[in-house]
Amino acid sequence: MLIDTHCHLSYPELHRQLGDVLARAQQAGVARLITVATSPQDARLAVDIARAHPQISFAAGVHPHEAAKVGDEDLQALADLHRGRWRLGTLEERLAAVGETGLDFHYDFAPRQRQEHVFRFQLALAVETGRPVIIHAREAELRVCDILDEHPALAGRVVFHCFSKGPDVARRILDAGNWLSFTGVLTFRNAAEVQASARMAPADRIMIETDAPYLSPEPLRKVRPCEPAFVAHTARFLAALRGEPPETLAARTTQNAVRFFSLGSHAA
Ligand SMILES: [Zn+2]
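If you read the sequence shown in my numbering, its first letter stands for residue 1274, the second for the next number, and so on.
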């Protein structure tokens, strides 16, 4: 059994064929999924998706790409969701994390100061609600680490999603008690740096994900869109890289995800 800890089932490429996508995930042994909302509007879709499918949990945040587009009322809507004011009933147990949130200095779609403001707002929300945090960091990993250091309450409760950097950055994150999650990027031919990180990371601090509809792993790299079933390829690759039996790696990363996201027993 595997868990795809980060996918975007609300995005049109997957949403319009969700039934088939979920059937293929199940066939591939992906028993649970976390769909990640990147704006409050997207969170409404995620709520509907989770409501219809007991194996799906969700996370809600404002992606750094969206930081200039969201206004204060959007941040308030996100805060309301995390404070239980969307009247989700038992579905609230499946609100697994704040995020994805962070900084993206590669695309710089929003001014950096605005990105930081929106990021810090969400970190405060995570501290307040006790939920873990899913980080998106691109060309901004060390700045994110610096800001996280100002939030000791979050130590051990933060995962760097789609981690793609080498052992130096990995070490900094792990030393702070935090987690690494690997996508199909790990399987790419030019991924020696992140592969070195994946080899050295402790077994109890790693997770796997697709980031679907993006980043199909090898040998399906050219297949679009990526979908949660493909996480099985990343799992196999990671097991081989670490010299572990695939079943061991699958069981371990699944246990890790259940622990990190406090996934309940609502799904089979
Ligand atoms: Zn994502």
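Using N, Cα and C, we set each Cβ at its ideal position, and we do this for glycine too. All values reported here derive from a predicted model rather than from experimental measurement.
Contacting residues, own chain, Cβ-Cβ under 7 Å from residue 1458 (five flanking each side not counted): 1435, 1437, 1464, 1467, 1488
Taking only three categories from DSSP, how would you classify residue 1280? strand
Just checking residue 1326 against ligand 1 - is the residue's beta carbon closer than 7 Å to any of the ligand's heavy atoms? no
Is the CB-CB distance between residue 1501 and residue 1306 below 8 Å? yes
For residue 1288, is the beta carbon positioned less than 7 Å from some heavy atom of ligand 2? Only ligand 1 can be found as ligands here, which leaves ligand 2 out of the picture.
Assigned exposure category for residue 1308 - 16 Cβ within 10 Å defines buried: buried
Beta bridge counterpart(s) of residue 1429 as assigned by DSSP: Paired residues: none, contrary to the question.
According to the neighbour-count rule (16 or more other Cβ atoms, all chains shown, within 10 Å of its Cβ), is residue 1390 buried or exposed? Counting the other Cβ atoms within 10 Å of the Cβ of residue 1390 gives fewer than 16, which makes it exposed.
Contacting residues, own chain, Cβ-Cβ under 7 Å from residue 1410 (five flanking each side not counted): 1375, 1376, 1417, 1433
When DSSP labels each residue in this structure, what does residue 1473 get in the three-state scheme? helix
Which first and last residues belong to the alpha helix (DSSP H) in which residue 1417 is found? Note, residue 1417: alpha helix (DSSP H), 1414 to 1422.
Buried or exposed: which applies to residue 1285, given that a residue is buried once 16 or more other Cβ atoms fall within 10 Å of its Cβ? By the 10 Å Cβ count, residue 1285 comes out exposed.
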